[in-house]
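Okay, so here's the structure we're looking at.
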Amino acid sequence: MADKITVGYTHLSGCTGCTVALADNYGGLLTLLDKYVDLKYIPTLADARHIQKVDVSFVEGSVCINDKLAVEEIKETREKSAIVVALGGCACYGNITRFTRGGQQNQPQHESYLPIGDLIKVDVFIPGCAPTPELIRNVAVMAYLLLKGTKEQKDLATAFLTPLMKLTAKNEACGCDLIVDVINQGLCMGCGSCAASCPVRAITMEYGKPNVERDLCIKCGACSAQCPRGFFNTDVISQYEAINEAIMAALQ
Amino acid sequence: MGAELGNYKSCVSARSTDKELLKNAQDGGIVTQLFAFALEEGIIDGAIVAANKEFYAKYPSKCIQDSSNLDMIEPWRPIPAIVNTKAELLAAAGTKYNISPNVALLKEATRSFGLDKIGIVGTPCQMQAVRKAQLYPVGLRNVGASISLAVGIFCMENFPYQSILQLVEDHAAMKLESVKKMEIGKGKFWVYGKRGQVVQLPLKITHKYEQPGCHVCLDYVANLGDISTGSVGSPDGWSTVFVRSKIGDSVWGKAMAAGCFETQPIEKVKPGLELVTKLANEKITKNKKTLEGRATFGVGKALRNPYI
Ligand SMILES: Cc1cc2nc3c(=O)[nH]c(=O)nc-3n(C[C@H](O)[C@H](O)[C@H](O)COP(=O)(O)OP(=O)(O)OC[C@H]3O[C@@H](n4cnc5c(N)ncnc54)[C@H](O)[C@@H]3O)c2cc1C
Ligand code: SF4
Ligand code: SF4
Ligand code: SF4
Numbered sequence: 000m001a002d003k004i005t006v007g008y009t010h011l012s013g014c015t016g017c018t019v020a021l022a023d024n025y026g027g028l029l030t031l032l033d034k035y036v037d038l039k040y041i042p043t044l045a046d047a048r049h050i051q052k053v054d055v056s057f058v059e060g061s062v063c064i065n066d067k068l069a070v071e072e073i074k075e076t077r078e079k080s081a082i083v084v085a086l087g088g089c090a091c092y093g094n095i096t097r098f099t100r101g102g103q104q105n106q107p108q109h110e111s112y113l114p115i116g117d118l119i120k121v122d123v124f125i126p127g128c129a130p131t132p133e134l135i136r137n138v139a140v141m142a143y144l145l146l147k148g149t150k151e152q153k154d155l156a157t158a159f160l161t162p163l164m165k166l167t168a169k170n171e172a173c174g175c176d177l178i179v180d181v182i183n184q185g186l187c188m189g190c191g192s193c194a195a196s197c198p199v200r201a202i203t204m205e206y207g208k209p210n211v212e213r214d215l216c217i218k219c220g221a222c223s224a225q226c227p228r229g230f231f232n233t234d235v236i237s238q239y240e241a242i243n244e245a246i247m248a249a250l251q
Numbered sequence: 000m001g002a003e004l005g006n007y008k009s010c011v012s013a014r015s016t017d018k019e020l021l022k023n024a025q026d027g028g029i030v031t032q033l034f035a036f037a038l039e040e041g042i043i044d045g046a047i048v049a050a051n052k053e054f055y056a057k058y059p060s061k062c063i064q065d066s067s068n069l070d071m072i073e074p075w076r077p078i079p080a081i082v083n084t085k086a087e088l089l090a091a092a093g094t095k096y097n098i099s100p101n102v103a104l105l106k107e108a109t110r111s112f113g114l115d116k117i118g119i120v121g122t123p124c125q126m127q128a129v130r131k132a133q134l135y136p137v138g139l140r141n142v143g144a145s146i147s148l149a150v151g152i153f154c155m156e157n158f159p160y161q162s163i164l165q166l167v168e169d170h171a172a173m174k175l176e177s178v179k180k181m182e183i184g185k186g187k188f189w190v191y192g193k194r195g196q197v198v199q200l201p202l203k204i205t206h207k208y209e210q211p212g213c214h215v216c217l218d219y220v221a222n223l224g225d226i227s228t229g230s231v232g233s234p235d236g237w238s239t240v241f242v243r244s245k246i247g248d249s250v251w252g253k254a255m256a257a258g259c260f261e262t263q264p265i266e267k268v269k270p271g272l273e274l275v276t277k278l279a280n281e282k283i284t285k286n287k288k289t290l291e292g293r294a295t296f297g298v299g300k301a302l303r304n305p306y307i
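So this is what it looks like as structure tokens:
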């Protein structure tokens with residue numbers, strides 16, 4: 000027990016898809032809870048839902064600023080957690096809770112939702128709608144190594160998490176980021192990762208470059224985070240075989 | 000073993016033992032033969048390759064669904080497609096020197112195509128995309144563990160479609176539909192016509208048509224493929240093959256045992272690894288310089304560096 004990291008899960012204005020993604024690690028989640036993670040509170044999956052002092056908090060959903068409790072909860076989450084992870088597009092960027100998402104009509108309540116980074120400092124982003132069980136798992140394992148591992152493991156975890164930490168510099172996402180940050184910077188090489196990662200098929204590849212249907216985009220941030228020319232930490236990714244094996248072995 | 004060639008367990012010069020297959024292939028038919036073998040053995044249940052207009056006409060449901068219809072697909076424009084048979088593999092063999100966004104099909108392969116064990120061929124940057132997809136699967140749920148054989152092809156540079164159009168129809172003065180094969184080798188860009196004519200362009204001409212994104216690329220020999228292959232280093236009709244990962248090692252071993260390939264020790268062939276190393280170093284050195292140049296491009300303003 001003493002060697003586990005303590006983790007909390009704050010659920011704000013999110014659809015529970017992120018929770019489901021976490022749970023979809025199936026046996027892996029049980030091993031995680033068994034060996035590495037002491038899950039202190041999480042609505043939906045457990046009775047305990049009160050925010051407590053923890054090493055790592057995952058936050059699902061954006062903050063409704065007309066909801067006093069939500070505003071208090073996000074602040075309390077920050078105060079009581081060493082590391083805050085924004086889990087999923089809504090927590091990172093507002094995603095479907097905000098205006099201009101997925102071709103829907105503008106509605107007044109869209110103006111009430113803020114990504115959590117607008118209210119507190121966030122340490123790590125896991126973009127996507129829904130985020131993937133595998134990335135949640137990888138971040139959880141790396142967080143464990145960062146806090147409890149050997150010097151070597153800490154270095155690896157730092158290197159792994161650094162790009163996800165750097166994503167927190169921006170609380171806005173859009174498929175247009177591919178155009179602005181990748182194509183217009185002369186960096187796109189036409190792999191198609193962006194098109195594959197879009198949950199709403201807003202991206203098609205036209206002559207080897209992404210074409211983004213802006214009206215379909217829900218602003219989840221998956222495409223530009225998946226893009227190898229978004230970030231590519233060669234040192235870490237080159238060790239893909241060893242890292243994947245280590246993660247799978249740890250979750251056996 | 001220098002860093003410029005990546006990590007590998009073994010390296011040989013090889014070609015497929017299937018004479019029919021070699022007729023369709025670009026070089027030693029390594030990619031097509033490996034996938035054909037892996038399909039037969041159940042190592043993969045489909046592979047993502049770069050098909051073309053003729054393929055699309057025959058197997059439309061196997062191709063990526065973008066907004067093109069058949070009339071709008073030009074000759075020599077690659078169409079990412081999923082193949083499940085040897086006939087389909089053969090129809091998609093050969094190098095298309097312009098961008099085929101094969102990774103765009105990676106998720107769909109596991110969804111509407113229902114693959115559990117995916118094969119994928121791609122350039123070094125596409126192999127990087129595949130490994131990033133496995134380690135940082137931001138938008139690729141249930142995909143990473145299904146990638147069962149990633150074959151990388153060497154790559155000095157790639158071209159947008161419009162560039163190939165310009166190079167072939169303008170500089171080489173041939174219609175794209177009359178072209179049988181294109182090749183970069185021996186310092187030239189070669190265009191072979193269906194009627195037997197051959198045009199060669201010096202690479203000096205092709206450089207300005209390259210895809211800009213290629214100028215920050217630091218990988219020549221697909222360091223992150225399970226197996227990677229290219230023509231450089233081996234005699235005509237043969238390929239240089241690096242076996243890199245555990246998966247690659249296992250598949251290569253089985254394919255060898257099944258008699259799929261004839262091989263020669265890489266040390267015995269000309270020009271051998273010396274040339275591969277030289278070209279890899281040239282590419283990496285040139286592109287590192289480009290990256291450095293981007294860092295100080297403006298006045299106190301840098302162009303973005305994806306590696307930091
Ligand atoms: C843009 C580009 C640049 C290259 N540069 C070099 C080089 O500098 N030096 C070198 O030695 N080799 C280079 N190659 C690789 C070489 O041309 C052959 O593709 C390789 O040797 C494989 O030959 P093969 O006979 O084994 O493959 P085949 O059996 O002919 O199979 C080739 C496979 O590659 C797929 N393919 C074709 N075009 C593309 C594409 N654009 N993107 C992704 N997949 C594709 C085909 O669908 C097929 O499955 C390059 C290839 C490309 C696409
Ligand atoms: S285009 Fe990008 S940001 Fe928009 S929905 Fe698709 S993946 Fe998300
Ligand atoms: S993922 Fe990035 S590099 Fe690949 S096609 Fe999309 S924008 Fe270009
Ligand atoms: S040069 Fe690099 S970036 Fe360009 S296509 Fe080849 S591998 Fe990709």
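So the protein sequences, as listed, match chains A and B.
Under numbering that gives the first Met the number 0, the first residue of the first sequence is numbered 0, with each subsequent residue one higher.
Under numbering that gives the first Met the number 0, the first residue of the second sequence is numbered 0, with each subsequent residue one higher.
Where is the CB? At the ideal position from N, CA and C, for every residue including glycine.
Just so it is clear, the structure is predicted and the values come from calculations on it, not from any experiment.
Would you list, in chain order, the members of the segment 163-180 of chain A that have their beta-carbon closer than 7 Å to a beta-carbon of chain B? If the cut-off is 7 Å between Cβ atoms, the segment 163-180 of chain A has ASP180 near chain B.
Quick one: what does DSSP say GLN313/B is sitting in, helix, strand or coil? Residue 313/B cannot be examined here, being either before or after the span of chain B that is shown, 0 to 307.
Delimiting residues of the beta strand (DSSP E) encompassing PRO264/B: Within the second sequence, residue 264/B is the residue found at index 265, counting from 1. Segment 260-264, the beta strand (DSSP E) holding PRO264/B.
Quick one: is LEU40/B buried, meaning 16 or more other Cβ sit within 10 Å of its Cβ, or exposed? Here the question's residue 40/B lines up with position 41 in the second sequence. Reading off the sequence, residue 40/B comes out as Glu, not Leu. Counting Cβ neighbours within 10 Å, GLU40/B comes out exposed, since fewer than 16 surround it.
Using the beta-carbon of each residue, which ones in chain B are nearer than 8 Å to ALA249/A? As a working mapping, residue 249/A is identified with position 250 in the first sequence. Under the 8 Å cutoff, chain B gives no residues; its nearest Cβ is about 15 Å from ALA249/A.
Flag CYS187/A as yes when its Cβ comes closer than 7 Å to any non-hydrogen atom of ligand 4, and as no otherwise. As a first step, residue 187/A is located in the first sequence; it is residue number 188 there, counting from the start. Not under cutoff, so the answer is no.
Distance, Cα to Cα, GLN92/B vs ASP248/B? If you number the second sequence from 1, residue 92/B lands on position 93. If you number the second sequence from 1, residue 248/B lands on position 249. Checking the sequence shown, residue 92/B turns out to be Ala, not Gln. C-alpha separation (whole angstroms): 23 Å.
Within 8 Å (strictly less), CB to CB, does GLY16/A reach chain B? Sequence index remark: in the first sequence, residue 16/A carries index 17 (1-based). Chain B, which has no Cβ nearer than 8 Å to the Cβ of GLY16/A, makes this no.
Hey, which unbroken runs of the beta strand (DSSP E) at 3 residues or more fall wholly within the segment 209-294 of chain B? 226-229, 238-242, 260-264
Since VAL215/B and LEU290/B are thought to touch, with beta carbons under 8 Å apart, how far apart are those beta carbons, to the nearest angstrom? Along the second sequence, read from residue 1 onward, the residue named residue 215/B stands at position 216. Along the second sequence, read from residue 1 onward, the residue named residue 290/B stands at position 291. The pair is a contact, with the Cβ atoms about 5 Å apart (cut-off 8 Å).
Can you list the residues of chain A that ASN222/B reaches, using a CB-CB cut of under 8 Å? Here residue 222/B refers to the residue found at position 223 of the second sequence. Residues of chain A passing the Cβ test: SER237.
If we call anything under 8 Å between Cβ atoms a contact, is PHE260/B one with THR31/B? As a position in the second sequence, residue 260/B is number 261, starting the count at 1. As a position in the second sequence, residue 31/B is number 32, starting the count at 1. No; because the gap between Cβ atoms is not below 8 Å, this pair is not in contact.
Looking at the C-beta of CYS216/B, does it have a partner C-beta in chain A at a distance below 8 Å? For this step, residue 216/B is matched to residue 217 along the second sequence. Judged by the 8 Å Cβ criterion, CYS216/B is in contact with chain A.
At the 8 Å Cβ level, is ARG110/B part of the contact set with chain A, yes or no? Indexing the second sequence from 1 puts residue 110/B at position 111. No, no contact with chain A.
Grouping DSSP H, G and I as helix and E and B as strand, with all else coil, what is MET0/B? Position 1 of the second sequence, counted from the first residue, corresponds to residue 0/B. Below a pLDDT of 50, predicted positions are generally treated as unreliable, and MET0/B, at 44, falls in that range; the measurement from the model is reported next regardless. MET0/B falls in the coil class under three-state DSSP.
Check whether the Cβ atoms of ASP180/A and GLY229/A sit closer than 8 Å, and answer yes or no. What you label residue 180/A is simply residue 181 of the first sequence in a count that begins at 1. What you label residue 229/A is simply residue 230 of the first sequence in a count that begins at 1. Contact flag set, yes.
Does the beta carbon of MET0/B come closer than 8 Å to any beta carbon on chain A? What you label residue 0/B is simply residue 1 of the second sequence in a count that begins at 1. Because MET0/B sits at a pLDDT of 44, beneath the cut-off of 50, its placement in the model cannot be relied upon, and the following sentence gives the value as read from the coordinates. It does not; no Cβ of chain A falls within 8 Å.
Relative to ligand 6, is the shortest distance from any of its heavy atoms to the C-beta of GLN161/B smaller than 7 Å? Absence of ligand 6 from the depicted structure is noted, with ligand 1, ligand 2, ligand 3 and ligand 4 being the only ligands included.
Determine, for MET141/A, whether the minimum Cβ-Cβ distance to residues of chain B falls below 8 Å. Here residue 141/A refers to the residue found at position 142 when the first sequence is read from its first residue. Answer no: the Cβ-Cβ gap between MET141/A and chain B never drops below 8 Å.
Please report the residue range of the alpha helix (DSSP H) in which GLY27/A lies. Counted from its first residue, the first sequence places residue 27/A at position 28. Residues 26-30.
Am I right that TYR160/B and ARG76/B are in contact with their C-beta atoms under 8 Å? What's the rounded C-beta distance? Sequence index remark: in the second sequence, residue 160/B carries index 161 (1-based). Sequence index remark: in the second sequence, residue 76/B carries index 77 (1-based). With a contact defined as Cβ atoms closer than 8 Å, TYR160/B and ARG76/B qualify at about 5 Å.
Assign PHE296/B to buried or exposed, taking buried as 16 or more other Cβ atoms, counted over all protein chains shown, within 10 Å of its Cβ. Position 297 of the second sequence, counted from the start, is the residue given in the question as residue 296/B. Residue environment analysis places PHE296/B among the exposed positions, since fewer than 16 neighbouring C-beta atoms fall within 10 angstroms of its C-beta.
Using the three-state DSSP reduction, which class does CYS219/A fall into: helix, strand or coil? Against the first sequence, residue 219/A aligns to sequence position 220. If DSSP states are grouped into helix, strand and coil, CYS219/A belongs with coil.
Are the segment 262-281 of chain B and the segment 3-13 of chain B touching by the rule of at least three beta carbon pairs closer than 8 Å? yes
Buried versus exposed call for ASP225/B [16 or more other C-beta atoms within 10 Å across all chains shown]: Taking the second sequence and counting its residues from 1, the one referred to as residue 225/B is at position 226. So ASP225/B counts as buried.
Cβ atoms of VAL62/A and LYS79/A: under 8 Å apart, would you say? Reading the first sequence from its first residue, position 80 is the one you call residue 79/A. Reading the first sequence from its first residue, position 63 is the one you call residue 62/A. Not in contact: LYS79/A and VAL62/A (Cβ atoms no closer than 8 Å).
Name, in chain order, the residues that DSSP records as bridge partners for ASN210/A. Walking along the first sequence from the start, residue 210/A turns up at place 211. Bridge partners of ASN210/A: THR203/A.
Give me, in chain order, the residues of the same chain whose beta-carbon lies closer than 8 Å to that of LEU302/B; leave out the 5 immediate sequence neighbours on both sides. Working through the second sequence from its first residue, we reach residue 302/B at position 303. Result list for LEU302/B: ARG293, ALA294, PHE296, in chain order.
Apart from the five residues just before and just after ALA142/A, which ones in its own chain have a Cβ nearer than 6 Å to its Cβ? The residue you call residue 142/A lines up with position 143 of the first sequence. Correct list, in chain order: VAL55.
Using a Cβ cut-off of 8 Å (strictly closer), state whether ILE42/B contacts chain A. To locate residue 42/B, count along the second sequence from 1; it is residue 43. No, because no Cβ of chain A sits closer than 8 Å to the Cβ of ILE42/B.
Considering only residues of the same chain and omitting the five flanking positions on each side of ALA24/B, which have a CB-CB separation below 6 Å? For the purposes of this step, residue 24/B is taken as residue 25 along the second sequence, with counting starting at 1. Only THR31, ALA92 meet the Cβ criterion.
Apart from the five residues on each side of it in sequence, which residues of its chain come closer than 6 Å, Cβ to Cβ, to ASN170/A? As a first step, residue 170/A is located in the first sequence; it is residue number 171 there, counting from the start. Taken in chain order, the residues that qualify are PRO114, GLY116, ASP117.
Please identify, using Cβ separations under 9 Å, the residues of the segment 47-70 of chain B that lie next to chain A, in order along the chain. ILE63, GLN64, ASP65, SER66, SER67
Specify, as a first and last residue, the run of the beta strand (DSSP E) that GLY16/A falls within. Counting from one through the first sequence, the residue named residue 16/A turns up at place 17. Run containing GLY16/A: none in the beta strand (DSSP E); it sits in the alpha helix (DSSP H), 16-22.
Per DSSP, cross-strand counterpart(s) of HIS10/A: Position 11 of the first sequence, counted from the first residue, corresponds to residue 10/A. According to DSSP, HIS10/A bridges with GLU59/A.
Which residue's Cα is closest to the Cα of CYS17/A: CYS89/A, ILE73/A, ALA168/A, GLN106/A? The sequence position of residue 17/A within the first sequence is 18, counting from 1. Of the candidates CYS89/A, ILE73/A, ALA168/A, GLN106/A, the one whose C-alpha sits nearest the C-alpha of CYS17/A is CYS89/A.
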